[in-house]
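Some notes on the structure that comes next.
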Amino acid sequence: ARAGTVDLHVDASNISTTLVLPRERWPLAVSRALAGPVVRYWGELLVFVLSALFLARVPRSPLAAHEWLLLGLGLSTQSWAVFALMGAWFFAMRWRAQWRTESASRPVFNLVQIALVLFTATAIGSLLFSGIRFGFLSAPDMGVAGAGSSGNSFLWFHDLAHGPLPEVSVWSVPLWSYKLLMFAWASWIAFALTGWLRWAWGAWTQGGPRPDQAESLAQESAAPQE
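Using this note's numbering, the first residue of the sequence shown is number 19, and each one after it goes up by one.
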């Protein structure tokens, strides 16, 4: 999409150009200008890819590199906070799987178990509702900002032009292409989540607390004498 060419045949100053895309379009990039909009999503995506590769190299990482990447890509246009929450949940359950529960008292063990249940409900609920549900019902957030731009509204400002006014443009694709990608991602999540929850259940049920001293004495007194 390009703004129309305008030639005033004289010098012009303080030029503002506005280009508004229909809601059925998914903006990807804009033309570069001295004072105009930017699409911050691509910079954030680069940081995320590097972070996902780093997480995959952490010793005993809960997910492989491609799983970190797929999980984050689906959430990248909706909420980075949900991705961070899911990452924290994975590592919390990994810690639970390695926890030496016999060294914990029963109150501490029960408190940790309850906290993990609440954490799991919050993380999975955020993934399903904030990630998948909003991904289908809302437009992707590409981080459009600069010169008063946001969403599908793009604004440029030029302080001086000689002859034709500066040309501006926005590259976009139909919004249904984003919905199609979200459907493919949600299908992958449905299969992956089954394995993740099975793994989390195994980690949560592993081991148990040490018997309290009173319980140990009671068990010893109730044991049959030879």
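Built from N, CA and C at the ideal position, the CB exists for glycine as well.
- In the structure shown, Val-65 falls within a helical segment according to DSSP collapsed to helix, strand and coil.
- If only complete runs of 4 or more residues are kept, the region 164-227 shows the alpha helix (DSSP H) at 193-222, in order along the chain.
- Between Arg-58 and Gly-166 a beta carbon distance of about 15 Å is seen, past the 8 Å cut, so the two are scored as non-contacting.
- Under DSSP, Thr-36 forms a beta bridge with Leu-173.
- Within the model, the alpha-carbon separation for His-84 versus Gly-105 is close to 14 Å.
- A Cβ-Cβ distance of about 33 Å is found for the pair Ser-187 and Ser-148, leaving them out of contact under the 8 Å criterion.
- Fewer than three Cβ pairs drawn from the region 118-134 and the region 60-77 lie within less than 8 Å of each other, which leaves the two stretches out of contact.
- Setting aside the 5 residues that flank it on each side, Trp-107 is surrounded in the same chain by Phe-137, Thr-138, Ala-141, each with a C-beta closer than 7 Å to its C-beta; the list follows chain order.
- Less than 8 Å divides the Cβ of Ile-150 from the Cβ of Ile-207.
- Residue nearest to Leu-173 within the set Arg-114, Leu-39, Phe-209, Arg-78 is Leu-39 (criterion: CA-CA distance).
- With a cutoff of 8 Å on beta-carbon distance, Phe-175 and Ala-53 are scored as near each other.
- Pairing Glu-42 with Pro-192 gives a Cβ-Cβ distance under 8 Å.
- CA-to-CA, the gap between Ser-156 and Phe-101 works out to about 18 Å.
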